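Here the structure is laid out as structure tokens; the discussion comes afterwards.
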Amino acid sequence: MSMIKEYQTVSEVAGPLMLVEKVEEVKFEELVEIELPGGEIRHGKVLEVNQDKALVQLFEGARGVSTSGSRVRFLGRGVELPVSEDILGRVFDGQGRPIDDGPEILPEKRLDINGEPLNPFARDYPSEFIQTGISCIDGLNTLVRGQKLPIFSGSGLPHSKMAVQIARQAKVLGTQESFAVVFAAMGITFEESEYFISDFRETGAIDRAVLFMNLADDPAIERIATPRMALTAAEYLAFEKGMHVLAILTDMTSYCEALREVSAARKEIPGRRGYPGYMYTDLASIYERAGKIMDKPGSITQIPILTMPEDDKTHPIPDLTGYITEGQVILSRPMHRKGIYPPVDAPESLSRLKDKGIGEGKTRKDHADTFNQLYDAYTKGLAARELEVILGEAALSQTDKMFYRFAEAFEQEYIKQDEYENRSIEETLDLGWKLLSALPVTELKRIDSEFLEEFLPKFKEENTEEETS
Amino acid sequence: MNQGRIVRVSGPLVVAEGMEGAKMFDVVRVSDQRLIGEIIELREDRASIQVYENTAGLGVGEPVESTGEPLSVELGPGLMGSIYDGIQRPLDAIKAVSGDVISRGIEVPGLTREKKWDFKPKAKKGDKVGPGDVLGEVQETTLVNHMIMVPPDIEGEIVEIKSGEFTVEENIVKIKTEDGVQELNMIQRWPVRETRPVKKNLAPDAPMVTGQRVIDALFPVGKGGTACVPGPFGSGKTVIQHQLAKWADADIIVYVGCGERGNEMTDVLLEFPELEDPRSGEPLMKRTVLIANTSNMPVAAREASVYTGITIAEYFRDMGYSVALMADSTSRWAESMREISGRLEEMPGEEGYPAYLGTRIAEFYERAGKAICIGSDDREGALTAVGAVSPPGGDLSDPVVQSTLRVVKVFWSLEAELAYSRHFPAISWLRSYSLYTDDLEDYYIENFGESWIQMRERARTILQEEDDLNEIVRLVGIDALSPENRLIMETAKSIREDFLHQNAFHEVDTYTSFEKQFKILDLIMHLHDRSVECLQSGKSIEDLLELDVKEEIARAKFTPEEQLDSFEQIKSNIIAQTETS
Chain A
1 MSMIKEYQTV
11 SEVAGPLMLV
21 EKVEEVKFEE
31 LVEIELPGGE
41 IRHGKVLEVN
51 QDKALVQLFE
61 GARGVSTSGS
71 RVRFLGRGVE
81 LPVSEDILGR
91 VFDGQGRPID
101 DGPEILPEKR
111 LDINGEPLNP
121 FARDYPSEFI
131 QTGISCIDGL
141 NTLVRGQKLP
151 IFSGSGLPHS
161 KMAVQIARQA
171 KVLGTQESFA
181 VVFAAMGITF
191 EESEYFISDF
201 RETGAIDRAV
211 LFMNLADDPA
221 IERIATPRMA
231 LTAAEYLAFE
241 KGMHVLAILT
251 DMTSYCEALR
261 EVSAARKEIP
271 GRRGYPGYMY
281 TDLASIYERA
291 GKIMDKPGSI
301 TQIPILTMPE
311 DDKTHPIPDL
321 TGYITEGQVI
331 LSRPMHRKGI
341 YPPVDAPESL
351 SRLKDKGIGE
361 GKTRKDHADT
371 FNQLYDAYTK
381 GLAARELEVI
391 LGEAALSQTD
401 KMFYRFAEAF
411 EQEYIKQDEY
421 ENRSIEETLD
431 LGWKLLSALP
441 VTELKRIDSE
451 FLEEFLPKFK
461 EENTEEETS
Chain B
470 MNQGRIVRVS
480 GPLVVAEGME
490 GAKMFDVVRV
500 SDQRLIGEII
510 ELREDRASIQ
520 VYENTAGLGV
530 GEPVESTGEP
540 LSVELGPGLM
550 GSIYDGIQRP
560 LDAIKAVSGD
570 VISRGIEVPG
580 LTREKKWDFK
590 PKAKKGDKVG
600 PGDVLGEVQE
610 TTLVNHMIMV
620 PPDIEGEIVE
630 IKSGEFTVEE
640 NIVKIKTEDG
650 VQELNMIQRW
660 PVRETRPVKK
670 NLAPDAPMVT
680 GQRVIDALFP
690 VGKGGTACVP
700 GPFGSGKTVI
710 QHQLAKWADA
720 DIIVYVGCGE
730 RGNEMTDVLL
740 EFPELEDPRS
750 GEPLMKRTVL
760 IANTSNMPVA
770 AREASVYTGI
780 TIAEYFRDMG
790 YSVALMADST
800 SRWAESMREI
810 SGRLEEMPGE
820 EGYPAYLGTR
830 IAEFYERAGK
840 AICIGSDDRE
850 GALTAVGAVS
860 PPGGDLSDPV
870 VQSTLRVVKV
880 FWSLEAELAY
890 SRHFPAISWL
900 RSYSLYTDDL
910 EDYYIENFGE
920 SWIQMRERAR
930 TILQEEDDLN
940 EIVRLVGIDA
950 LSPENRLIME
960 TAKSIREDFL
970 HQNAFHEVDT
980 YTSFEKQFKI
990 LDLIMHLHDR
1000 SVECLQSGKS
1010 IEDLLELDVK
1020 EEIARAKFTP
1030 EEQLDSFEQI
1040 KSNIIAQTET
1050 S
């Protein structure tokens, strides 16, 4: 290891970038330390080396950096996070430095925050059902251990409330293991982050949580490192310490904007809406850091949250995210206006991994069929509702009216629930049967006749009792 | 070989100087870690190199060494059941070296060197052999008889041929050629970007039966044909690709997971060895080769993965097999081209994609086809290529979709609306098309008679009519329709829900034989015809909508293949109920 050289050859500073000349042996992605004339230390990383020039991305932004007098040191390693089990219960800034007045972490080891891609051959397929106690997740968009399931939200929608509820209630049936929570805040407000922290504190989750905070007034470029810091901590806890980690990343939209800022400063050819062409690859390097490894006890379940600009699902950020993650939970403004919490847009939401996480031995054998039937009936109800808006109720056929009523009941009884209501999977599935039993059997085509015989009569009776009473 | 040194590192792109004599697309070794790269641009002695591994930590001055060879794959026994990364490194071997993660600079051969294969010669001493001639066979798996062929560039007389157990590296044959005696082992090396030769291309004349009703019945793809599946996320592209890989009646499946999810590849890895081939009862993995370059693996290797896959597919086609290649997703492949092109600072075409995007896509799909293979026995092989496309926001004006539609002949259009109502496969029956229906007509007539084609066309017409009628219903309500039109709506609904809708996760419904498809559609159309007669004889439409037999038809798709006789009973019920009602 050669001695660390110091350069005073900064030739350009523009936006979040700095060009250093006449450098030797600088490596791509190397960590950089910049000492300002006043003695303040800043950090950055090498984005490109070209002959004797190094292009450096400044994490804390360019304010105060000058071309003369700044001393630049290349540290001979990538950006790293010091880890040990003591990180549990601690709060760090977006670059992994403690900000909770606690002591420095005595590292067991230092890990490169970029991680290394998991070999698909070493992965174990996620199939353990996580009960969140929220019907529209457990019943319709089932979450499993090791999945990455984002929440697509919009400004003003209660995504934080929902994420907190998931973190509070999530458990795997029949086990006593609890989740460790890794929380990465990117560009969210102090108030929003306080909401998470105070809830973690109330439920005691704070003791098994690791928090990385890059708030709205923190340097935007630092955000590019924040989720990687968090996921490095998550990987350490999951795969080296055998914990089940729930990683909440919010708000991915701020992250992508920081990425765009760097790309624009480099004058790269922009892709859609000015976001860089490599955003898919970049996001994949974050989202793919979830999962389970064969023969290892731990797991990382990821819940990234993003706010869709103008509630537009085709915007590049939700679009590319949806192509990488294993489904999405989409929040809907009309549902929110109707006063339904959680305001989940059920038809547009999806959990890709649910099929292997539900059924006999996981949830219940009738789950898949009732799930398909509920969706089918609900979408028919929504179509009827649309018809009603145009033509008026009188124009609806008997069948349409029946589905119309079903959709109303489905939203009010099944989707809607209290923020502290923790429904078991049995309750959720029974609720589905109760609603379906209002439909004639001929409409229940998607349910196997075996299940119809076993489950339906019970709910039919309940229904008639209610009607007669 | 000549050695240069790095002068620039920018993401997956490395520029090196002092590369005199290097050729375009030569494979190079970068830095002392010996990362694998490929030359993609040459200016005097400067070579731009796309590196197939993460370049973090590389710096100016580090050595770059050219191997003088283009990026190639190893073809021979050992391919079946393997799972490779984008440049044909077996992922299980990588795991043995570097554990759960993929570290850098790992060098492992594509074909296992240890295993001995039982080589049975089919040619004998003194035979004159040319390119593609079969020298012998190796029973690679219970499903695949691997033919050892003369490579495309060798011709001569066999002076010695062995028999017995050999590793792929041991020589099995000596051939006297014009340039002297050549010794051959079981490995052929072939540059991935080069099309393997065939004797003559043929037009597809038989469908690839997939067991998926909407595909086989309405939008079939011929053996040796090309198809694409564009759709927004969540519309079920990957499930369709998996279903094809599982159930298509091809001899060999090559599945390329290009820039997609790690867990999905793991799913395939764990599931395929468990699944049985419906024809032979053997595990599906025994006829499958997987290429997995997930989205978090290096982007340049993603670019190569599609070529690695199709070269392996061509090799099996050369043996006279019917091969199906699935690429999921070609958009990620195109994006990796875009990323590298951007770093090279090339002038961009549409949406930042390189101007040569269309050419590359066309070249890829042109490597598919039915053909008379090289070799004196004139065996016929077929390579069917199916590519998923992931357009941003599901927008079909995306350059990758448009470039693909220009070359492929089957378009399975996935619609978000159908996916939202959980109608799977979410293939639109109105927008999709297959240009093979005419080519395959003779096949259908021969195997199923004229009635199949008529029935299919009638079903399509009814679906089209439903779409027109829906406009009216939306304006004035369903009661305004005439009884005849109400019946069309009802039959269309039955076609959609009881025939086109198919549950990939249902034990029975996941695969439907052609015979069963024919019978289900026949039931639906039979009821329709009887109902038309009833209406004409003055029966009310309301009665017809309430027939009990409708439920039996709805459940017909769940009838196991060995109980298709029960359809006769449903048919007689149709007749009985349309008489009494």
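Chains A and B, in that order, are what the protein sequence lines are.
For the first sequence, the numbering used here begins at 1 and goes up steadily by one.
For the second sequence, the numbering used here begins at 470 and goes up steadily by one.
A virtual CB, placed ideally from N, CA and C, is assigned to each residue, including glycine.
Source: prediction; values computed, not measured.
{"Check": "Of the residues B:I509, B:P894 and B:S535, the one placed nearest B:W881, counting alpha carbons only", "Outcome": "B:P894"}
{"Check": "Where B:Y553 sits in the DSSP three-state scheme", "Outcome": "strand"}
{"Check": "Residues that B:M549 contacts on chain A, provided the C-beta gap is smaller than 9 angstroms", "Outcome": "The contacting residues do not exist; B:M549 stays about 16 angstroms from chain A at best."}
{"Check": "B:M795 vs B:Y724 beta-carbon contact at 8 angstroms", "Outcome": "yes"}
{"Check": "CB contact below 8 angstroms: B:D501 versus chain A", "Outcome": "no"}
{"Check": "Inter-residue Cα distance where the pair is B:I841 and A:T428", "Outcome": "59 angstroms"}
{"Check": "Euclidean distance between Cα positions of B:R474 and A:A54", "Outcome": "17 angstroms"}
{"Check": "Any alpha helix (DSSP H) of 4 or more consecutive residues that is wholly inside the segment 530 to 599 of chain B", "Outcome": "560 to 567"}
{"Check": "Below-8 angstroms beta-carbon distance, B:W898 vs any chain A residue", "Outcome": "no"}
{"Check": "Reduced DSSP secondary structure (H/G/I, E/B, other) of B:F635", "Outcome": "strand"}
{"Check": "Chain-ordered neighbours of B:F974 on chain A, where CB pairs are closer than 8 angstroms", "Outcome": "D355 and A368"}
{"Check": "A:A377: contacting residues in chain B (beta-carbon distance under 7 angstroms)", "Outcome": "Per Cβ cutoff of 7 angstroms: no residues; A:A377 is ~10 angstroms from chain B at best."}
{"Check": "Straight-line Cα distance separating B:S963 from B:Y834", "Outcome": "36 angstroms"}
{"Check": "Helix, strand or coil at B:I809 according to DSSP, with G and I counted as helix", "Outcome": "helix"}
{"Check": "One or two residues paired with B:P676 in a DSSP bridge", "Outcome": "B:G691"}
{"Check": "Contacts that A:N141 makes with chain B (C-beta to C-beta distance below 8 angstroms)", "Outcome": "Chain B residues near A:N141: none, gap ~11 angstroms exceeds 8 angstroms."}
{"Check": "Cβ separation of B:R665 and B:P701, assumed to be a contact under 8 angstroms, to the nearest whole Å", "Outcome": "Between B:P701 and B:R665 the Cβ distance is about 35 angstroms, and since that is not below 8 angstroms, they are no contact."}
{"Check": "8 angstroms Cβ cut-off: residues of chain A touching B:S1056", "Outcome": "No answer is possible for residue 1056 of chain B: it lies beyond the span of chain B, which begins at 470 and ends at 1050."}
{"Check": "CB contact check: B:R807 to chain A, cutoff 8 angstroms", "Outcome": "yes"}
{"Check": "Any C-beta of chain A under 8 angstroms from that of B:G530", "Outcome": "yes"}
{"Check": "Other residues of its chain near A:E388: CB distance less than 7 angstroms, five sequence neighbours each side excluded", "Outcome": "L396 and Y404"}
{"Check": "Expected contact under 8 angstroms - CB spacing of B:G530 and A:F28 to nearest Å", "Outcome": "Incorrect: roughly 12 angstroms between the Cβ atoms, too far for contact."}
{"Check": "Listed by chain order, chain B residues near A:A122 by CB distance under 7 angstroms", "Outcome": "K564 and D569"}
{"Check": "8 angstroms contact criterion, which B:L544 and B:R756 should meet: CB distance rounded", "Outcome": "Not confirmed; about 16 angstroms, so no contact."}
{"Check": "Residues of the segment 886 to 910 of chain B with Cβ closer than 7 angstroms to any Cβ of chain A, in chain order", "Outcome": "Y889, S890 and R891"}
{"Check": "Where the alpha helix (DSSP H) containing A:T226 begins and where it ends", "Outcome": "T226 to E235"}
{"Check": "Proximal chain B residues relative to A:Y125, where beta-carbon distance stays under 7 angstroms", "Outcome": "N732, T735, D736 and L739"}
{"Check": "Near-chain B residues of the segment 298 to 324 of chain A - C-beta to any C-beta below 7 angstroms", "Outcome": "T314, P316, D319, G322, Y323 and I324"}
{"Check": "CB of A:I324 within 8 angstroms of CB of B:S764, strictly", "Outcome": "yes"}
{"Check": "A:I41 classed as buried or exposed, judged by whether at least 16 other C-beta atoms fall within 10 angstroms", "Outcome": "exposed"}
{"Check": "Enclosing beta strand (DSSP E) for A:K380 [first to last residue]", "Outcome": "Looking at the DSSP string, A:K380 is not in any beta strand (DSSP E); the run it does join, the alpha helix (DSSP H), is H367 to L391."}
{"Check": "CB contact flag (A:T203, A:L246, <8 angstroms)", "Outcome": "no"}
{"Check": "Chain-ordered chain B contacts of A:R272 [CB-CB under 8 angstroms]", "Outcome": "E820 and P861"}
{"Check": "Distance between B:M655 and B:K585 (C-alpha atoms, nearest Å)", "Outcome": "11 angstroms"}
{"Check": "Unbroken alpha helix (DSSP H) run spanning B:N732, endpoints", "Outcome": "G731 to E740"}
{"Check": "7 angstroms Cβ cut-off: residues of chain B touching A:K445", "Outcome": "E966 and A1023"}
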